[in-house]
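Colleague:
Number of protein chains: 2
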Amino acid sequence: MDMNVQEKKAGFFQRLKDFPSKLKDVVTKRVKNVLMFGKDDPRRIIHSMKVGVALTLVSLLYYVRPLYLSFGVSGMWAILTVVVVSEFTVGGTLSKGLNRGFATLTAGALGVGAVHLARFFGHQGEPIILGILVFSLGAAATFSRFFPKIKQRYDYGALIFVLTFSMVAISGYRTDEILVMAYQRLSTILIGGTVCILVSIFVCPVWAGEDLHKMVANNINKLANSLEGFEGEYFPLPEKISNETNSCVREYKSILTSKGIEDTLANLARWEPGHGRFRLRHPWKKYLKIAGLVRQCAFHFEILNGYVLSNYKAPEEFQNKIQEPIATMSREAGEALKAIAKSIKTMSKDTARVNAHIDNSKTAVGNLRIALKSSYPETDKDLLEIIPGVTMASILIEVVNCVEKISEAVEELSGLAHFKETLDPKILSAEIGQHQLLHRGTVKPVLDGDNGEEDTDSSPHVLINVHDEQPPATTGKNSLGVEKNIV
Amino acid sequence: MDMNVQEKKAGFFQRLKDFPSKLKDVVTKRVKNVLMFGKDDPRRIIHSMKVGVALTLVSLLYYVRPLYLSFGVSGMWAILTVVVVSEFTVGGTLSKGLNRGFATLTAGALGVGAVHLARFFGHQGEPIILGILVFSLGAAATFSRFFPKIKQRYDYGALIFVLTFSMVAISGYRTDEILVMAYQRLSTILIGGTVCILVSIFVCPVWAGEDLHKMVANNINKLANSLEGFEGEYFPLPEKISNETNSCVREYKSILTSKGIEDTLANLARWEPGHGRFRLRHPWKKYLKIAGLVRQCAFHFEILNGYVLSNYKAPEEFQNKIQEPIATMSREAGEALKAIAKSIKTMSKDTARVNAHIDNSKTAVGNLRIALKSSYPETDKDLLEIIPGVTMASILIEVVNCVEKISEAVEELSGLAHFKETLDPKILSAEIGQHQLLHRGTVKPVLDGDNGEEDTDSSPHVLINVHDEQPPATTGKNSLGVEKNIV
Chain G
1 MDMNVQEKKA GFFQRLKDFP SKLKDVVTKR VKNVLMFGKD DPRRIIHSMK
51 VGVALTLVSL LYYVRPLYLS FGVSGMWAIL TVVVVSEFTV GGTLSKGLNR
101 GFATLTAGAL GVGAVHLARF FGHQGEPIIL GILVFSLGAA ATFSRFFPKI
151 KQRYDYGALI FVLTFSMVAI SGYRTDEILV MAYQRLSTIL IGGTVCILVS
201 IFVCPVWAGE DLHKMVANNI NKLANSLEGF EGEYFPLPEK ISNETNSCVR
251 EYKSILTSKG IEDTLANLAR WEPGHGRFRL RHPWKKYLKI AGLVRQCAFH
301 FEILNGYVLS NYKAPEEFQN KIQEPIATMS REAGEALKAI AKSIKTMSKD
351 TARVNAHIDN SKTAVGNLRI ALKSSYPETD KDLLEIIPGV TMASILIEVV
401 NCVEKISEAV EELSGLAHFK ETLDPKILSA EIGQHQLLHR GTVKPVLDGD
451 NGEEDTDSSP HVLINVHDEQ PPATTGKNSL GVEKNIV
Chain W
1001 MDMNVQEKKA GFFQRLKDFP SKLKDVVTKR VKNVLMFGKD DPRRIIHSMK
1051 VGVALTLVSL LYYVRPLYLS FGVSGMWAIL TVVVVSEFTV GGTLSKGLNR
1101 GFATLTAGAL GVGAVHLARF FGHQGEPIIL GILVFSLGAA ATFSRFFPKI
1151 KQRYDYGALI FVLTFSMVAI SGYRTDEILV MAYQRLSTIL IGGTVCILVS
1201 IFVCPVWAGE DLHKMVANNI NKLANSLEGF EGEYFPLPEK ISNETNSCVR
1251 EYKSILTSKG IEDTLANLAR WEPGHGRFRL RHPWKKYLKI AGLVRQCAFH
1301 FEILNGYVLS NYKAPEEFQN KIQEPIATMS REAGEALKAI AKSIKTMSKD
1351 TARVNAHIDN SKTAVGNLRI ALKSSYPETD KDLLEIIPGV TMASILIEVV
1401 NCVEKISEAV EELSGLAHFK ETLDPKILSA EIGQHQLLHR GTVKPVLDGD
1451 NGEEDTDSSP HVLINVHDEQ PPATTGKNSL GVEKNIV
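Chains as they are written, first to last, in the numbering used here: chain G, 1 to 487; chain W, 1001 to 1487.
#1: Note down, in chain order, each residue of its chain lying with its Cβ closer than 6 Å to the Cβ of W/Ile1189, except the 5 sequence neighbours on either side.
#2: Output yes or no for whether 8 Å exceeds the beta carbon distance between W/Phe1278 and W/Lys1349.
#3: Taking 8 Å as the CB-CB cut-off, is G/Pro325 touching chain W?
#4: Check whether chain W comes within 8 Å of G/Tyr173, counting only Cβ atoms and requiring the distance to be less than that.
#5: So, is G/Pro66 buried or exposed, given that buried needs 16 or more other C-beta atoms within 10 angstroms?
#6: To the nearest angstrom, how far is it from the Cα of G/Gly11 to the Cα of W/Gln1152?
#7: Pick helix, strand or coil for G/Ser86, following the three-state DSSP scheme.
#8: Less than 8 Å between C-beta atoms, sequence neighbours within five positions excluded: which residues of the same chain meet that for G/Thr175?
#9: How many Å lie between G/Gly274 and W/Phe1146 at the Cα?
#10: Helix, strand or coil, according to DSSP, for G/Lys349 in the structure here?
#11: Where does W/Pro1202 sit, in a helix, a strand or coil, going by DSSP?
#12: If we call anything under 8 Å between Cβ atoms a contact, is W/Val1403 one with W/Ala1333?
#13: With H, G and I counted as helix, E and B as strand and the rest as coil, what does DSSP make of G/Asp275?
#14: Mind checking W/Ile1128: buried by the 16 CB within 10 Å criterion, or exposed?
#15: Quick one: list the residues of chain G neighbouring W/Pro1388, beta-carbon separation under 9 Å, in chain order.
#16: How would you list, in chain order, the residues of chain W whose beta-carbon sits under 8 Å from the beta-carbon of G/Val294?
#17: Closest to W/Val1090 by CA distance: which of W/Gly1075, W/Leu1060, W/Val1051, W/Phe1318 is it?
#18: Between which residues of its own chain and G/Phe102 is the CB-CB distance below 8 Å, once the five residues before and five after are set aside?
#19: Rounded to whole angstroms, what is the Cα-Cα separation between G/Lys22 and G/Lys32?
#20: Pull up the DSSP beta-bridge partners for W/Lys1009, would you.
#21: Please give me, in chain order, every unbroken run of the alpha helix (DSSP H) with length at least 4 that falls completely inside the segment 1166-1211 of chain W.
#22: Indicate whether at least one CB of chain G lies closer than 8 Å to the CB of W/Ile1178.
#23: Interface residues of chain G around W/Glu1302 at Cβ under 8 Å?
#24: If contacts are defined as beta-carbon pairs under 8 Å, then G/Ile344 and G/Ala217 qualify, I think. What distance do you get, rounded to the angstrom?
#25: With distances taken Cα to Cα, identify the nearest neighbour of G/Ile178 among G/Val115, G/Gly276, G/Met329, G/Val400.
#26: Which residues of chain G have a Cβ atom closer than 8 Å to the Cβ of W/Tyr1068, listed in chain order?
#27: Taking DSSP's pairing of strands, which residues face G/Lys420 in a bridge?
#28: State the CB to CB distance for the pair W/Ala1341 and W/Asn1221, rounded to an integer number of angstroms; the pair is presumed to be in contact (CB under 8 Å).
#29: W/Ser1226 and W/Val1199: beta carbons closer than 8 Å?
#30: Given a cut-off of 8 Å, decide if G/Gly193 and G/Gly111 are closer than it, judged by their beta-carbon atoms.
#31: Taking Cβ to Cβ, would you say W/Ala1490 is nearer than 8 Å to W/Arg1353?
#32: From which residue to which residue does the alpha helix (DSSP H) around G/Val58 run?
#33: Relative to the C-alpha of G/Glu412, which candidate in G/Ala371, G/Ile395, G/Met347 has its C-alpha closest?
#34: So what's W/Phe1147 in DSSP terms, helix, strand or just coil?
#35: Quick one: grab the DSSP three-state call for G/Pro283.
#36: Starting from the C-beta of W/Thr1328, find all residues in its chain whose C-beta is less than 6 Å away, skip the five residues before and the five after it, and write them out in chain order.
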């Protein structure tokens, strides 16, 4: 027992000794995490600094004597406004600032009117009239916030309306200097709002519209990566069969539920003035349409993913037959998406390249049909066995259709948003034709540690095996497809 | 010309005459719309009234002389708190109220500390020290709002922290009564917050948790309606072929993008105390899991919908073969979902009924496989023609798998949330067995104006044709399935 107590004591002292170093470890880990988080998107750090700067600027209303003498304690409304209006994006700040400004103005005026009206009813009647007015306007404005259109754009304004009206009307009961008070508050709120908006626009601005623009392009890129990784997942190289799936095939996942963020960004983007490549009335709604189509495509991918994950595989012979057209289909559709994403990012039209890739993938759809037809099952048992493969192929064909719809929507956007024309289409399609000839055959992603020779193509991680196993009909159709593109 | 002028004049007077009646029309239309909107969810009107009541209550701080003498103009903080903290749900109000209370307390204390610290540096150094403190704490707290965990639960608290600290620290520079001011503000904020929380909880409360609970059950019901309407869409009765799709088949659409609302509700539900059938630590996270599975199922439906909408139909012979098992599958899976939804709504276990329906739909999956096998294509052209039908059937099988997963997740929930046990399982499964016998054969929804005889079953809009066309193997399997259920 004594030994035990001694051991415990020793253990306690040991822990006491270790405590500082452990604490240091925990703290350094936390600090590292925070720094990593800041590095992830340095705009977050910049935004925090901007809020600090805006706060320091409005605090001058207190520190500088002449300013304090003219505004007095109303300076606190400037501080309050800065804290509440400072949003991450310019659109957010403008939306809140303008809402706050107009709501304060109208509610303030109405409040002063209410106080004057109530005074007609004598000292006894005044609080009753004020109470009725505050109750009814407060309830009505609160109810208006439930209407989707008001909620979307003027929610904050309605809130501030209730706030200001109630405060002016109620505190007007106890002060005679209501107009001075209203003037001081309004002017400090305007000062706070203006400081915020200026800092937001002129110090490293974060534009909601630009974020939406990039997000849509990135989502299309994610889809492209998922499509291009699909073959490697569904037809893995023998040495690679494992339960781990390639992370790039999962990239589409975040698109499934991104609608909320996109809607918010589009809503804020409408408040923003023209900036950089975006004019004042940039067609933000079109981005939502494209994003919807991209999401539709991601839904298809979610279902496809189920087939990739299922342990059930179609018979090898059938797999071999459909592998080549499926590989071409997903690769070409993926490249079309990459071209579309690049076209959005650079805001330049690239219709020829996109259409060429889409045509190639459609040709591959034709080849897939031929391959499916040629894999006519010999027994009724075989029919059941190929059903999952057939379903997978069928959904992938739908994905190609989705890609075409996305390209049409982006074409529409490129017209409305004045995308600039780029390369001479003739040179381009000749280039793609060559590219296509290089690509004919089976393309498999090279794995780490795989000793396959790297090709000299622009995409460094692709290994091309040109083999003769493919049915002659398929190859014929394929080159036909390419010729069609050059025209 | 003269005639023209006269005509114009007459037209103008006419319009002037019509104006009041037109205005009346517009106004009545608007008022009707608003009333309709309120009727849609009367809780909106009640909430607006509640905000009005809370505002009237805190305005007593101004109207009642003794209260005004003790709190002075700080009463406006109570008004501000009521307006800002009043959220639609109890969880929202509690989350904002508690965040505001704690943030004001800590930031107020730190602010008073900062003012005392700054006074050591003399009148020249005071604003500099205060400025540095406000800048750094403001920036740090703003940065903390980017962390997902803080954003989710303490975003408002961090905002109020910056607000209070800045206001106390900056205005402390100009007043010597800082402690009195801090006390008055804190107490009025506590009064405002308490009034809000009490009104929110005790006057017709809207619980976020209950909303989430109902929403999940309703979404499952929507899926069930879509499933049950599927057969009628895909195999329309000859006299019904039209491009209009039944609205109930589209019900699943809203589920595709409901993640945001569900997450918000679950987040708010965690702030709520135990109420009614929900204990304090109700497993809200499990609802999100179920909602995720329901959404997965809706994704499948979105793809199925593409097949319903496509004009391409499989050959009639093939359609006839797969119609019966597909009808049973979708109907039984739909009934399983309805039973699950009811079990959630009533918070009572109904495992036997759910499992019986799932087993029935699985038996139908088996029959579908047999039907597919028996529709072994005679030529390779036929194979291509049945592909869309095969894909559709294949996705529908996945839907049945989804339904099973949903039922498992709800089973888990029912254990954690202490759902009550209901009927004696034996009686129930006998009842379902009988029900199943009645249902054997093809079930088609009865159309308005259709003179088919109505059955005496519980669902009044279903017409049952027991016919002999089905392959004997199918019928055998089907009754086998039923027997399995009775055991």
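Think of the CB as a built atom: it goes at the ideal place given N, C-alpha and C, for glycine as much as any other residue.
Modeller: Let me spell this out:
#1: Trp1077, Thr1081, Thr1104
#2: no
#3: no
#4: yes
#5: exposed
#6: 40 Å
#7: coil
#8: Met181
#9: 27 Å
#10: coil
#11: Looking at the sequence shown, residue 1202 of chain W is not Pro but Phe. Three-state DSSP puts W/Phe1202 in a helix.
#12: yes
#13: With the sequence shown as reference, residue 275 of chain G is identified as His, and Asp is not the correct amino acid for it. G/His275: strand per DSSP, three-state reduction.
#14: exposed
#15: Ser394
#16: Going along chain W, no residue has its Cβ under 8 Å from G/Val294, so there is no contact; the nearest lies around 13 Å.
#17: W/Val1051
#18: Gly157
#19: 15 Å
#20: W/Lys1009 is not bridged to any residue.
#21: 1178-1202
#22: no
#23: Gln296, Phe299
#24: 4 Å
#25: G/Val115
#26: Arg174
#27: G/Ser348
#28: 4 Å
#29: no
#30: no
#31: Since the first and last residues shown for chain W are 1001 and 1487, residue 1490 of chain W lies out of range.
#32: 43-63
#33: G/Met347
#34: coil
#35: coil
#36: Ala1364
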